[in-house]
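According to the numbering used here, the residues represented by the sequence shown are 1102 to 1421, in order. The structure appears below as structure tokens.
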Amino acid sequence: MTAELKTDPKYDDYEYPTTSPNVQSGHPGHTTPEQDAQVFQLRTQLEQAGYTKRLDTLCMLRFLRARKFNVDHAKQMFVDCEKWRNEFGVDELVRTFDYREKPKVFEYYPQYYHKTDKEGRPVYIEQLGKIDLAAMYKITSAERMLQNLVVEYEKLADPRLPACSRKSGQLLETCCTIMDLKGVGISKVSSVYGYVKQASAISQNYYPERLGKLYLINAPWGFSSVFSVVKGFLDPVTVQKIHVLGSGYQTELLGQVPKENLPSLFGGTCACKGGCALSDEGPWQDPKWTKAPKWARTEGGESKASQPTSTASAAQPQTA
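Printed below as a string of structure tokens:
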């Protein structure tokens, strides 16, 4: 049964649709009275602990879904997240970070948002086969790569997803991720493990419930067998979102992403001027659908910039 999202006027100020197209229990617009009570319980406990930010209903629901609506576990996850945000300086970072070396970094590790899938969600693309950390660390640092990762998660939450929600007319909270494994060999695994481990931890622990679908394309021989073992350690809900495809991936991928939205490199027809990887094309760049993100507004509510905020660059794919 679909109903209006039960909101709290103290924290909820949404400028986009709030009913999820995902008709599953616990998703916005599809909650039970018990789940609504758990949102209230979680928020109340966090207020009593002194928290005042990010207590809106959609955020509470994401943390509760990530912990199977166990209020105590969701509270601990939120507290850990806030501690990390303060230590990492997230709120200031998203306003001031300048990833000026991005074009050069992308020569070795292309990772970018590009337009939307058929459900209206942002498409996020990574080409893992090109990773060369030794070369990248002559251009940037692991610290700046992780800072960029975090900034892009913040920009995914606002303005990317709100713009996509306005255009589609329904709440969109997740991404469609494409990870191209072409060229990935065993020799590269050890060199990138440390960075990937850190990036994955940030994804799982601090940005829950952001994965819509994940397509692993150009999977090398034997990858499916390895993944079948890994699936045993993953949540069944997460497993349903992951699709492992070999070199003949185009039919299935084009079933999810419109041909005109998919870069020609992957069998689509899109060829953005200057290259799709650096274009950051999407509803979040269209004044008809986007608004200045709340983190970029002054105390009076005015935007610090009159133009749509540039959100080009990258974030690691969500894993839960």
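All C-beta atoms in this analysis are idealised placements derived from N, C-alpha and C, irrespective of residue type, glycine included. This one's a predicted model, so the numbers in the text were calculated from it and none came from an experiment.
When the Cα atoms are used, Y1117 and R1267 turn out to be separated by approximately 5 angstroms. Under DSSP, Q1228 forms a beta bridge with D1281. Here L1106 has T1119, T1120, P1129, G1130, T1158 as same chain residues with Cβ atoms under 7 angstroms from its own Cβ, once five neighbours each way along the sequence are excluded. With respect to the C-alpha of T1197, the residue from I1232, Q1357, Q1248, C1276 having the closest C-alpha is Q1248.
In terms of Cα proximity to L1366, the closest of S1126, P1211, G1190 is P1211. Going by C-alpha positions, I1240 is about 53 angstroms away from P1134.
If you look at H1344, you'll find it in the beta strand (DSSP E) that goes 1343–1345. Comparing alpha-carbon positions, the option among Y1214, D1259, A1264 lying closest to I1279 turns out to be Y1214.
Taken through DSSP and simplified to helix, strand or coil, T1132 comes out as coil.
Under the 10 Å beta carbon count, T1217 is surrounded by 16 or more other beta carbons and is classified as buried. Here the C-alpha atom of R1144 lies approximately 27 angstroms from the C-alpha atom of K1392. The alpha helix (DSSP H) runs of length 4 or more contained entirely in the segment 1112–1175 are, from start to end of the chain, 1134–1149, 1158–1167. In this structure, the alpha-carbon of D1387 lies about 10 angstroms from that of C1265. Counting only runs of at least 4 residues, the segment 1192–1265 fully encloses the following alpha helix (DSSP H) elements, listed from N- to C-terminal order: 1203–1206, 1234–1237, 1243–1256.
The criterion of a C-beta distance shorter than 7 angstroms is satisfied by F1207 and A1378. Within the segment 1345–1372, the runs of alpha helix (DSSP H) at least 4 residues long that lie entirely inside it are, in chain order, 1351–1355.
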